[in-house]
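Note sheet for the following structure.
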Amino acid sequence: MWNTIILEPMINSLLYIYSLLGQNFGWAIIVFTALVRLITLPLTIQQMRSTMVMQEIQGSDRYKKMQEKYKKDKQKLSEEQMKLFKDVGYNPMSGCVGLIIQFPIIIGLYQAVIRTLAATPVQLFDLSKLLYPFTSASLIPVNSQFLWMNLGQPERLVLDFLPFAIPVLTILVVITTYLQTKLTTPASPDAQSQSMTKMMGLYMPLLLGYFAYSLASGLALYFFTSNLLGILQGYIMRRIRERPAS
Amino acid sequence: MSKATFPLKKLFLPMILGLSALLLVGCSGRSIMAASSWPGLTISEDIAYLAYNQYVRAVDLSSGRDVWSYPPEADDKITFYAPPAVGPDGIVVIGGYNNEVLALMPNNSFVNVLWSFDEATDRIIGGPVIIDDMVLVPSADGRLYALDLETGKPVWDKPFEAQHSLWSSPKIQDDRIYLTSLDHHIYALDLETGREIWQKNLSSTISDSPSLTEDLVFAGTFEGILFALDNSHGEIVWQFKADGAIWGSPVIFDGVAFFADVSGTAYALDIASGKELWGEELPGSSAASPTILDDRVFFISETGEVTAFLLENGDPVWPSSANMEGRLLADSIPTDIGLLVPAMDSECVVFSVDPSTGAARCIIEPK
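Protein chains in written order, with this note's numbering: chain A, 1 to 246; chain B, 1001 to 1367.
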């Protein structure tokens, strides 16, 4: 079911884009990531809006007062919070729905890139079962060379005048993940949320950086592209939010 | 109370991220870095030479015990999947996913490394082939290396170079090497020099070795076409379109080509005309070459079954096929103790299937 609904359409679309772009898998990953992010844009916007509304609620006097008033009665606090959400027309689940729908898409995108690269016999055999009849088998194996990278191998840039190789993409992934986390998680007045945001800003770049360093550079390219688009989305959303209402 | 729960709160986010990471990597089936493949099996004089994961093992088929294994201690960075080549005087040539080729000389339970070759720049996936005093090693770097069996030194001026990876063993007939590549080509090379005699583009990836008769070369492609080519110039004599991608080499016997495809269909074709003699459905996808024993042809399904048909008319032999745990993707090998079937993702690495009844038992367990 996972293969039929998520993986097969993604792999075959990726290969279709690859064929349109002169069999350049690097560009195929970039365009495909952009398309998927475009398709899921309404969900991302909904999720970001929800986060912003929540931030506004948390910053309101009514919210702060109830936190103080019912700090020893969690049950009552919860009831009052729900009442407040209802009054301002905020659905606490609205942000989660977007995330829940996006999560399988992100996992599918990741898997589609890995499986299409098919670096081992088992992966290639499995790929043969995921192709649609109209997808040309002549596209396989994909050309994994992109710029200085072999997209099926971890990326390192070797320069003649340096005694060591530079993991350029890893560095870019760490920086862009940090920026994206900063831009898409607005400052919260709540101390616990602040702590979570701080940890997120620290762990996410390290985690994705580790993946980018140790796994295939095709994935690192996907992380980097996705982060850049996320930063762009975050920037636009922030500008819209900061724009004075006319 | 709050002090006691604080560390848990602190750990919550890293735990969620860690779980997400596991999900990301886990859902992909296998990491792109993992050197995962099916076991490489070679049989010589009642000894099974098995390359799987971190070891190459020699297993006595009568007792099921290891005679020797290499390396003495597992190294996480080195894995072996290419079927070992066994030469005269017991020399065993193995290739690893660390790009290295080794010649081993077993001495009882000890193994001496005679030589090593480390000029390949990608993994050794296809099995090396020993011919006289030379060993041919296909590499995923696209090169076919010809090495002196005694010293490991290159024999040709330069290795033959295809446009993409070589994942299958070369086949040798007379003074020629026939070689397939992921670059969609089949090549005929001069055995002495490694120079190309002819090449043919078959428009799609060829994963397994070619099959040979006196005057024809056969190769199945990812596009699901079985080609028969004239071996003198590489001209296409006929082609047959199967339902799915063809992974395993066809087996030629008595004027008939037997093969299976990824859609799970077994075929028998007349090699003179390319006409289908019979086609039968298998329980699952097939990546392995079929095996012929007596009057039967055995097909391996990925899902764990071996199915036997009569050579003559394709009638099924067993009421139901044997069923084994794990993924069966490697070729089976006929021996005195039954049909040996390697398995991956299983608690048994090699099963033995009784060719007359289809009953299966485990004869080699993972190390």
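For every residue, glycine included, the Cβ atom is placed at its ideal position computed from N, Cα and C.
So, at 8 Å on beta carbons, what are the nonlocal neighbours of residue i in its own chain, with the 5 sequence-adjacent residues on each side left out?
i	result
L228/A	T176
E1325/B	G1304, A1343, S1346, E1347 and C1348
P1039/B	L1050, A1051, Y1052, Y1081, A1330, P1342, A1343, M1344, V1349 and V1350
T1193/B	W1156 and D1157
R62/A	L84
I1131/B	I1172 and L1191
S1321/B	P1283, S1301, E1305, V1306, T1307, A1308 and G1358
When we look at the beta-carbon of residue i and count the other beta-carbons within 10 Å, is it buried (16 or more) or exposed?
i	result
A212/A	buried
K1200/B	buried
S60/A	exposed
L38/A	exposed
D1046/B	exposed
W148/A	exposed
F134/A	exposed
M237/A	buried
P1210/B	buried
P1072/B	exposed
M1/A	exposed
Y110/A	buried
I1364/B	buried
G22/A	exposed
T4/A	exposed
S78/A	exposed
G89/A	exposed
Y1070/B	buried
S985/B	Outside the displayed span of chain B (1001 to 1367) sits residue 985/B, for which this structure offers no information.
P1316/B	exposed
D1336/B	exposed
R1056/B	Per the sequence presented here, residue 1056/B reads as Val, with Arg not at that position. The residue is buried, with at least 16 neighbouring Cβ atoms inside 10 Å.
S1352/B	buried
Quick one, are the C-beta atoms of residue i and residue j less than 8 Å apart?
i	j	result
A1266/B	L1282/B	yes
A1308/B	G1264/B	no
I11/A	A28/A	no
I1333/B	L1311/B	no
A1330/B	A1288/B	yes
F224/A	V142/A	no
F1080/B	I1094/B	yes
W1115/B	G1152/B	yes
T1042/B	P1083/B	yes
A1085/B	G1127/B	yes
A1120/B	D1141/B	yes
V1155/B	I1124/B	no
S217/A	L151/A	yes
L1179/B	L1216/B	no
Rounded to whole angstroms, how far is the Cβ of residue i from the Cβ of residue j, which I believe are closer than 8 Å?
i	j	result
P154/A	S214/A	6 Å
G1274/B	W1318/B	About 29 Å separates the two Cβ atoms, so there is no contact after all.
I1246/B	D1261/B	5 Å
R241/A	M52/A	6 Å
F1218/B	I1252/B	7 Å
T181/A	M200/A	6 Å
V210/A	V113/A	Reading off the sequence, residue 210/A comes out as Tyr, not Val. Not really, about 17 Å apart at Cβ, beyond 8 Å.
L1269/B	F1240/B	6 Å
A118/A	L127/A	5 Å
W1198/B	G1234/B	4 Å
L208/A	V173/A	5 Å
L169/A	I231/A	Not really, about 16 Å apart at Cβ, beyond 8 Å.
L1328/B	E1302/B	6 Å
L15/A	T116/A	7 Å
I1186/B	I1206/B	6 Å
Keeping to the same chain, check which residues put their C-beta closer than 6 Å to that of residue i; ignore five residues upstream and five downstream.
i	result
I1177/B	P1170, L1189 and L1191
A1058/B	I1047, Y1049, V1067 and W1068
G234/A	L183 and T184
Q81/A	none
S1181/B	A1162, H1164 and L1166
K1003/B	Interpretation of K1003/B is limited by its pLDDT of 39, a score under 50 that renders its predicted location unreliable; the figure taken from the coordinates is listed afterwards. Answer for K1003/B: no residue qualifies.
A1242/B	G1224 and D1261
L41/A	none
Could you pull out every residue in the same chain whose Cβ sits closer than 7 Å to the Cβ of residue i, ignoring the five residues on either side in sequence?
i	result
N1098/B	K1077 and I1078
P104/A	I6
Q1173/B	L1212
Are the C-beta of residue i and some C-beta of chain E separated by less than 8 Å?
i	result
T181/A	Among the chains of the structure shown, chain E does not appear; the protein chains present are A and B.
Is residue i near the ligand PLP, going by C-beta to nearest heavy atom under 7 Å?
i	result
L117/A	Judged by which ligands are present, the structure shown has none, so any question about the ligand PLP falls away.
Please list the segments of the alpha helix (DSSP H) lying wholly inside the region 105-155 of chain A, counting only runs of 4 or more residues, in order along the chain. Listed in chain order, they are 121-128.
Quick check on the DSSP output: what are the complete beta strand (DSSP E) runs of length 3 or more inside the region 1078-1159 of chain B, in order along the chain? The region 1078-1159 of chain B contains these whole beta strand (DSSP E) runs: 1092-1095, 1101-1107, 1110-1117, 1129-1131, 1134-1138 and 1143-1148.
Secondary structure, beta strand (DSSP E): runs of 3+ residues fully inside the region 1197-1249 of chain B: Segments of the beta strand (DSSP E) lying fully in the region 1197-1249 of chain B: 1216-1220, 1225-1230 and 1236-1241.
For the region 157-232 of chain A, list the alpha helix (DSSP H) runs that are entirely contained and at least 4 residues long, ordered along the chain. Here the runs fully enclosed are 168-184 and 191-214.
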